[in-house]
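Asker: In our numbering, the protein residues as written are 4 to 451.
From the three backbone atoms N, C-alpha and C, an ideal C-beta is built for every residue, glycine too.
Take a look at this one; I'll ask things after.
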Amino acid sequence: MGLDFRGCAVRCWVLLAGVIIFSDMQVPVDAYLYNNRYVGDQVFRVTPRDVTEVQVLKRMLGHIKVDLWQPNSASLIRHNATVDVHVKLNDTQGLHAHLKREGIAYNVFISNLQKEIEKQTGYRSARRRRSESHYDYEVYHSLEEIQSWMFEVNRTHPEIVDMFSIGTSYEGRPLYVLQIGKRSRPQKKAMWIDCGVHAREWIGPAFCQWFVKEAINSYQHDSVMRRLMNQLNFYIMPVLNVDGYHYSWTTDRFWRKTRSKNHKYHCRGVDANRNWKVKWCEEGASSHPCDDTYCGPFPESEPEVRAVAKFLRKNKKRFKAYISIHAYAQMLLYPYSYKYAMIPNFSCVESAAQNAVTALYSAYGVRYRYGPASTTLYVSSGSSMDWAYRIGIQYAFAFELRDTGYYGFLLPETLINPTCTETLRAVKAIATGLLKKCQVNRDAFPYI
């Protein structure tokens with residue numbers, strides 16, 4: 004099987020019957036409506052033009068309860084940079100009036116959030132999704148459907164697929180991973196790809212499933228994929244934040260964090276991309292449990308983060324690349340996130356990123372920005388990408404998939420295919436680069 008997870012695969016099969024039974028206990032067909040909780044809610048795009056407008060906007064947003072989409076914290080609002088903010092129905096008129104009075108440029112790009120949520124899934128019923136004889140990769144799937152699909156892929160492709168669990172979530176859900184690759188030799192290089200770190204970013208899990216589908220189906224006729232599968236093992240975790248993702252389907256479509264409880268506050272959850280043991284809870288992370296970027300009570304406090312970190316640490320000599328899939332912004336990011344500095348192997352990573360975005364562009368002409376996360380997006384501490392790089396994984400990336408704000412987190416199902424097709428090209432370009440030599444300053448990696 005390549006890496007060390009003996010015993011896990013066997014336990015997966017014991018749980019198969021329970022997962023299949025549970026997958027039939029789906030939420031009602033009209034569950035996508037979320038009890039109409041988003042009727043009349045709007046998403047504003049605001050562009051403060053100078054430091055004064057930034058301060059005014061921060062004060063405005065501080066007086067009402069809002070859900071910041073981009074950036075994900077008010078502390079990250081900058082002049083001449085767009086701010087996407089989800090505002091509840093009761094506060095929309097007041098915000099319109101305040102912005103107009105202050106002369107701050109804005110527009111409303113989602114005028115009724117409830118309708119956009121319904122449009123995203125194309126009104127497909129949960130029952131239709133389950134009853135189709137062939138798994139539909141061009142719709143979004145619930146956690147139960149994804150896990151049942153993982154068992155089926157494992158069952159039908161035993162020669163190149165291994166499924167195993169690396170632990171359990173806060174609410175007791177298994178954390179499943181698929182290993183994809185030809186069993187040619189035990190010491191193969193490996194690439195890790197995780198999706199669904201932030202619950203509301205549904206296009207992430209859709210891509211992880213798409214990648215597995217393409218790897219399996221194109222192995223026989225695509226010489227590039229065959230070479231990659233022969234020489235690399237891919238470890239795919241379709242949903243890292245399983246509790247949060249499930250909650251985003253049943254209760255709050257825009258939930259971001261995990262679902263762990265805090266004993267001092269009623270607020271739940273930790274940002275699973277601020278909980279890693281690298282410059283933990285410094286700039287770009289919050290120490291307040293009610294904030295979306297809450298770093299947690301201590302590093303790796305979340306069982307989901309702790310399980311992935313433990314697995315990667317144990318097998319770090321094999322892993323040559325780490326990729327985390329997020330949305331939205333159309334960017335390909337690499338370290339550092341937590342500081343403005345150049346990584347030791349900058350030229351190799353920069354070249355890999357450039358090749359990846361070029362490959363991505365070749366599909367549909369979609370442009371991605373690429374560069375260090377701190378300067379390309381914003382400074383954030385405790386991220387998985389920086390942590391992976393810190394332990395010696397020399398190629399660590401975070402994708403921010405489509406789009407740039409027109410749909411935001413509600414990317415329609417009609418765009419799953421093109422988004423995943425172009426992203427697959429980028430990931431294959433990165434993987435292909437791993438098979439080539441690039442001169443690296445090994446003294447910069449004390450953990451190798």
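#1: Count the other C-beta atoms from every protein chain shown that fall within 10 angstroms of the C-beta of K431, then say buried if there are 16 or more, exposed otherwise.
#2: Using 10 angstroms around the beta-carbon of E141, count the other beta-carbons present and answer buried if the total reaches 16, otherwise exposed.
#3: For the alpha helix (DSSP H) holding F154, just list the boundary residues, first then last.
#4: Only counting the same chain, and skipping five residues up and downstream in sequence, which positions put a Cβ closer than 8 Å to that of Y250?
#5: In terms of alpha-carbon separation, which member of A355, L235, V227 and G395 lies closest to K317?
#6: Going by CA-CA distance only, name the one from E285, R48, P177 and S221 that's closest to N110.
#7: Can you list the beta strand (DSSP E) stretches of 3 or more residues lying completely in the region 395-419, in chain order?
#8: If contacts are defined as beta-carbon pairs under 8 Å, then I206 and L404 qualify, I think. What distance do you get, rounded to the angstrom?
#9: Determine the contact status of M232 and K185, defining contact as a CB-CB distance below 8 Å.
#10: Considering W213, what are the terminal residues of the alpha helix (DSSP H) in which it resides?
#11: I'd like to confirm the pairing. Which residues does DSSP put opposite A193 in its beta bridges?
#12: Taking all protein chains shown into account, decide if Y398 is buried (16 or more other Cβ within 10 angstroms of its Cβ) or exposed.
#13: Provide the residue span of the alpha helix (DSSP H) that contains Y248, from first to last.
#14: In its own chain, which residues sit with a C-beta less than 7 Å from the C-beta of D246, not counting the 5 before and 5 after it?
#15: Whose C-alpha, out of T361, S377 and M334, is nearest the C-alpha of M345?
#16: Just verifying my parser: in three-state terms, what is the DSSP assignment at H269?
#17: Can you give me the C-alpha to C-alpha distance between L98 and G43, rounded to a whole angstrom?
#18: Would you say F237 and A218 are within 8 Å of each other, going by their C-beta atoms?
#19: Can you name the start and end residues of the beta strand (DSSP E) that F257 belongs to?
#20: Say whether the region 142-152 touches the region 66-76, bearing in mind that this needs 3 or more beta-carbon pairs closer than 8 Å, one atom from each stretch.
#21: What is the DSSP secondary structure of N39, counted as helix, strand or coil?
#22: Report yes if the CB atom of P338 is closer than 8 Å to the CB atom of P302, and no otherwise.
#23: Could you tell me the boundaries of the alpha helix (DSSP H) in which S168 lies?
#24: Please classify A330: does DSSP put it in a helix, a strand, or coil?
#25: Which residues mark the beginning and the end of the alpha helix (DSSP H) in which T55 is found?
#26: When DSSP builds the beta bridges, which residues end up paired with Y179?
#27: Using C-beta distances below 8 Å, list every residue in its chain close to M228, excluding the 5 sequence neighbours before and after it, in chain order.
#28: Hey, L335 and A359: beta-carbon distance below 8 Å or not?
#29: Let me confirm a value: P497 is counted as buried when at least 16 other C-beta atoms fall within 10 Å, else exposed. Which label applies?
#30: Using only alpha-carbon positions, find the residue among I169, V369 and Q357 that is nearest to A332.
#31: Could you have a look at P375 and say whether DSSP puts it in helix, strand or coil?
#32: Considering only residues of the region 91-130, which uninterrupted alpha helix (DSSP H) runs meet the minimum length of 4 residues and lie entirely inside it, listed in chain order?
#33: For H329, count the other beta carbons within 10 Å of its own beta carbon; 16 or more makes it buried, fewer makes it exposed. Which is it?
#34: Would you give the residue range spanned by the beta strand (DSSP E) that D70 belongs to?
#35: Considering only their Cβ atoms, is the gap separating L60 from I113 smaller than 8 Å?
#36: Can you name, in chain order, every residue of its own chain whose Cβ lies under 6 Å from the Cβ of M240, other than the five neighbours on each side?
Answerer: According to the structure shown:
#1: buried
#2: exposed
#3: Taken as a continuous stretch (DSSP letters only), the alpha helix (DSSP H) holding F154 covers L146 to T159.
#4: For Y250, same chain residues with a beta-carbon under 8 Å away, outside a window of 5 residues either side, are A202, W258 and R262 in chain order.
#5: G395
#6: R48
#7: 398-404
#8: 5 Å
#9: yes
#10: I206 to N220
#11: N236 and F322
#12: buried
#13: V245 to T253
#14: Around D246, the same chain offers S172, Y173, E174, R176, T261 and R262 as residues with beta carbons nearer than 7 Å, after the five sequence neighbours per side are excluded.
#15: S377
#16: Of the three classes helix, strand and coil, the one that applies to H269 here is coil, per DSSP.
#17: 14 Å
#18: yes
#19: Here F257 belongs to no beta strand (DSSP E), and DSSP marks it neither H nor E.
#20: Contact between the region 142-152 and the region 66-76 is absent: fewer than three C-beta pairs spanning the two stretches fall below 8 Å.
#21: helix
#22: Contact: no.
#23: That residue, S168, is in no alpha helix (DSSP H); its beta strand (DSSP E) goes V164 to T171.
#24: strand
#25: V54 to G65
#26: S168
#27: E217, A218, S221, Y222 and K431
#28: yes
#29: Past the edges of the chain, shown from 4 to 451, lies residue 497, and the structure says nothing about it.
#30: V369
#31: strand
#32: 92-105 and 116-123
#33: buried
#34: V69 to Q73
#35: no
#36: V180 and D197
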